[in-house]
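What follows is a set of notes on a single structure, which appears directly below.
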Amino acid sequence: MKDFAKGFYLSKEWRRVRDYIFKRDAGICVKCGEPGEIVHHKKPLTPENISDPFIALGEDNLELLCRECHGIEHSEDMPTDKGLMFDEEGNLVERSKGL
Ligand SMILES: [Zn+2]
Ligand SMILES: [Zn+2]
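The sequence shown begins at 191 in the working numbering and counts up by one.
Given below as structure tokens:
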């Protein structure tokens with residue numbers, strides 16, 4: 191977890207929204223249908239947008255993911271070209287669409 195987001199993830203508002211997204215998505219990862227664990231920001235939080243409730247707490251920007259799919263989403267933060275990702279063996283491969 192990034193430092194600037196620590197206080198946010200401890201806030202009452204976030205906990206409430208996170209619970210809401212868990213229920214909305216029925217406890218299931220929206221990508222693969224496995225049990226969901228992590229409420230993910232589709233548009234990633236930054237120090238600039240973390241105080242914007244539509245980004246930080248907006249249900250349109252949030253989805254429930256399992257640990258695996260969440261890791262895949264965040265591999266976009268790595269310095270790879272868009273459309274590329276690392277597979278389990280660490281090889282750079284084309285991101286498969288529609289996971
Ligand atoms: Zn998943
Ligand atoms: Zn995330």
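Beta carbons: idealized from backbone N, C-alpha and C, even for Gly.
Quantities reported herein were computed from a predicted structural model and do not represent experimental measurements.
Residue i (DSSP reduced to helix, strand or coil)
i, result
"I228", "strand"
"V283", "strand"
"I262", "helix"
"E249", "helix"
Residue i versus residue j: straight-line alpha-carbon distance, rounded
i, j, result
"K232", "L252", "6 Å"
"P225", "K192", "25 Å"
"C256", "R205", "18 Å"
"H260", "L235", "14 Å"
"C222", "E203", "27 Å"
"R285", "P243", "30 Å"
Same chain only: Cβ atoms within 7 Å of residue i, ignoring 5 sequence neighbours per side
i, result
"I240", "F194, A195, F198, A246"
Short Cβ contact (8 Å threshold) for residue i with residue j
i, j, result
"I218", "E249", "no"
"L254", "V229", "yes"
Nonlocal neighbours in the same chain, by C-beta distance under 8 Å from residue i, ignoring five residues either side
i, result
"L289", "Any reading at L289 is ruled out, since the residue's pLDDT is 48, under 50, leaving its predicted position unreliable."
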